[in-house]
Amino acid sequence: MEILEQEFKIEQYPSGSDIDRISSRLGVNLHTITVWFQNRRARLKRSVKRNQSS
22 MEILEQEFKI EQYPSGSDID RISSRLGVNL HTITVWFQNR RARLKRSVKR
72 NQSS
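Using our numbering, you'd call the opening residue of the sequence shown number 22 and step up by one each time.
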């Protein structure tokens, strides 16, 4: 999870080759990595909206 967070800080929209590299590094399938980035972007968006409302 920490590796994914580090990668997210570097690039919120990783390329296909970046996803492939992360997938190989973690031993997780490509779909799981793709969905993790989608979910993380959604959490960030909700957090930003919540902070703007406050």
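No residue lacks a Cβ here, since even glycine has one placed at the ideal position from N, Cα and C.
Is it buried or exposed, residue i, if we count other Cβ atoms within 10 angstroms and call 16 or more buried?
{"i": "Glu28", "result": "buried"}
Just curious, the alpha helix (DSSP H) that residue i is in, first and last residue?
{"i": "Asn72", "result": "Leu51 to Ser74"}
{"i": "Glu28", "result": "Glu23 to Ile31"}
Just verifying my parser: in three-state terms, what is the DSSP assignment at residue i?
{"i": "Ser38", "result": "helix"}
Is it true that the CB of residue j sits closer than 7 Å to the CB of residue i?
{"i": "Ile54", "j": "Ile43", "result": "yes"}
{"i": "Gln33", "j": "Arg67", "result": "no"}
{"i": "Ile40", "j": "Leu25", "result": "no"}
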